[in-house]
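To keep things clear, I will list the structure first and then write my remarks on it.
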Amino acid sequence: MAGHDLERALTKLISETNGVSLLDTLELALHSMLFKEHPELRAQVEAFRNMLFDYAHSSRDIEPLLAHPVSLALERILKRFPVPYQEEHTHLTGSLTAEFIHPRLMKVLAGPDKDVVEAKIRQVYGDDVLPIESVDDVDRLIRLGDDISFERYLQVLTLAKLVLVDRQAHAEAAYHLAKTTYESYNVGRIRLKFSLSRATSNATDALPGKVVGPEDVVLGLYDGFEKFRSEQPDFDFILSPSFRKESFFFDASRFKSKHDDFMSQVEALLGLLDRYPHLQDKVIDVDTVGDERDHYRKTHFEEMRLGFRKLQFRGFGIRSHHGETWRTLNRGVQAVDNAMNIWHIDTLEHGVSLGVNPNYYFHMIFERVMEMNHKGVAIDKQSREGLELMGMRWNKHPEVPDKLFAGEPLNASDRQRFIKTKFHSAREVEHYQHDVLNRMINKGVGLVALPSSNIMLTTSFPTYKDHPFSWWEKKGVKLGVGTDNYVTLNTNFIREMLILLYTDMELLKITKLLMVVTGENRRPVISRHLWSMRQGR
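Throughout the sequence shown, residue numbering follows the working numbering, covering 63 to 599 in sequence.
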């Protein structure tokens, strides 16, 4: 049977079973008369189910699953679900395609800032990337390759930033993003993360050319989204200004401190809403972004506390990227704790430090360290393993980490002390983690999950199947789903949904996932829409 026949049969089955889990759906298909009447179709379902079983019990790549005919049929089903999806977390710069960037970059490179722009491109991407001539050249640069690190990830976004030169460019970018995701991935609402100002004295992050002001940025984005909404009235959007949280990221040429710079941006944002009241329904929350690994102590949060308080008194929601990356897992949990207690956030973005299993995490640290120690390799103090070792409480036995850092073999007593120390470290972090998560649930703080981003950038989960989305869902966490920077990360919203279904094939119901991603909490309404898809095929 053709692919669309497979799609039709699965649509019928999913609607008639009210969107049970993926595994149950496949098992029912194998017993269905409809599939038995078409052996080739049944064989595809059986092969896909077996691939899912293999994936669940191994560290195999998820790509063969996503490329299977059954997966492609499920992808088409999700694309035509009658209710558009809510993309809760996407950044502007990592969600612009090469087709959009290329002609605008060519224009910038032909302008008066050609030399400084080329210098910036060489600084970020290497001396051998110029000249940039084709769309394919751009596409290779804006996607994250094998060099996966958080620092590299932030730098890869530079090329898109170089073309956002004025209000019109921002309007065109917003329109492009809305049209592409609506038509290709059934995204009907976007919560867009963007920078009000990219002014900084940090040479690595500084951009050539004039700085685009907050007014041009916000009005441009609003214009672009509104233009698309005039064409598709069921489309909606939220503009979420995002502030870099790092203490060094501020304009030192104009301000004495991070605090002063941030307060100025807050005043500029509030002034903008006063001058343009039509923005008030669309600019309703703010976010913090950037590298949080050195942003976890209470003093780090004080720099922006008063600014957030001022925004909250004007009705703003506060969202924050935290628990995404960390030096030590305990600090990753501590960062979320302080964001809740000091900034009083309404939504946590990423939050994977609240989903890592500390016992598994610390035992893997132990195994990796012991493997290196057995080979006589000294542990680097700045590595993940080294930082965790320095964060453990060794009490009366500092000689154990000293030997590990020197590459000296541990004896049996040392090994036993190491096991006990990592055990108690895991136990303490686990208690802290559950305390923070339970307080978050009790306060109704939401959490946005970003599977591909979390797997690729945090390196804390061995495979996609280790992502904690389903555990959070069963704990009662108020969840949303986002793609982060879908072009840069080689993903899209439908792909993220499929990943979530494949990584919890037994317990995550299709209907429940649809409720999360559409924001529709009335299960019968989802059932009715599934039934309408059956009738429409």
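Positions of the beta carbon are idealized from the N, C-alpha and C atoms, including for glycine. A quick note: this is a predicted structure, and the numbers were derived from the prediction, not measured.
| Item | Value |
| --- | --- |
| Can you give me the start and stop residues for the beta strand (DSSP E) that D347 sits inside? | 347-351 |
| Within 10 angstroms of the Cβ of Q444, are there 16 or more other Cβ atoms? Answer buried if so, exposed if not. | exposed |
| For N400, count the other beta carbons within 10 Å of its own beta carbon; 16 or more makes it buried, fewer makes it exposed. Which is it? | buried |
| What did DSSP end up calling M63 once you bin it into helix, strand or coil? | Because M63 sits at a pLDDT of 46, beneath the cut-off of 50, its placement in the model cannot be relied upon, and the following sentence gives the value as read from the coordinates. Note: M63 maps to coil in three-state DSSP. |
| Measuring alpha carbon to alpha carbon, tell me which residue in R371, H362, I407 is nearest V510. | I407 |
| Pull up the DSSP beta-bridge partners for Q148, would you. | R251 |
| Return the chain-ordered ranges of every alpha helix (DSSP H) run that is complete within the stretch 129-210 and spans a minimum of 4 residues. | 131-141, 160-171, 176-187, 197-204 |
| Given this structure, state the Cα-to-Cα distance separating V348 from K458, to the nearest angstrom. | 46 Å |
| For M454, which residues in the same chain have their Cβ closer than 7 Å to its Cβ, ignoring the five residues on either side in sequence? | T483, K484, S487 |
| Please state whether the Cβ-Cβ distance between E69 and A135 is less than 8 Å. | yes |
| Tell me which residue opens and which closes the alpha helix (DSSP H) that P463 is part of. | 461-468 |
| Could you name the residues of the same chain whose beta carbon sits closer than 8 Å to that of L269, not counting the 5 residues immediately before and after it, in chain order? | K182, T220, K223, L224, R260 |
| Within the same chain, show all residues whose beta-carbon is closer than 7 Å to that of S326, passing over the 5 residues directly before and after it, in chain order. | F317 |
| Compute the beta-carbon to beta-carbon distance between V227 and V170, rounded to the nearest angstrom, for a pair I have assumed lies under 8 Å. | 7 Å |
| For V107, which of R122, A71, Y187 has the nearest alpha-carbon? | A71 |
| Would you mind sorting N248 into buried or exposed? The rule is 16 or more other CB atoms within 10 Å of its CB. | buried |
| Pick from P165, E364, Q185: whose alpha carbon is nearest that of V200? | P165 |
| On the DSSP letters alone, give me the boundaries of the beta strand (DSSP E) that E411 sits inside. | 409-412 |
| What does the Cβ neighbour count give for G544, buried or exposed, with the cut at 16 atoms within 10 Å? | buried |
| On a Cα-Cα basis, can you pick out the residue from V431, R489, E149 that is closest to D464? | V431 |
| Taking C-alpha atoms, which residue in S315, R214, E137 lies nearest to G352? | R214 |
| With distances taken between CB atoms, is the gap from P146 to G286 smaller than 8 Å? | no |
| So I300 is in the alpha helix (DSSP H); what residue range does that whole segment cover? | That residue, I300, is in no alpha helix (DSSP H); its beta strand (DSSP E) goes 298-306. |
| Can you tell me whether DSSP reads L219 as helix, strand or coil? | coil |
| Compute the Euclidean distance between the alpha carbons of V82 and H232, then round it to the nearest angstrom. | 42 Å |
| Across which residues does DSSP place I380 in a beta bridge pair? | V348 |
| What's the C-alpha gap between R501 and M95? | 49 Å |
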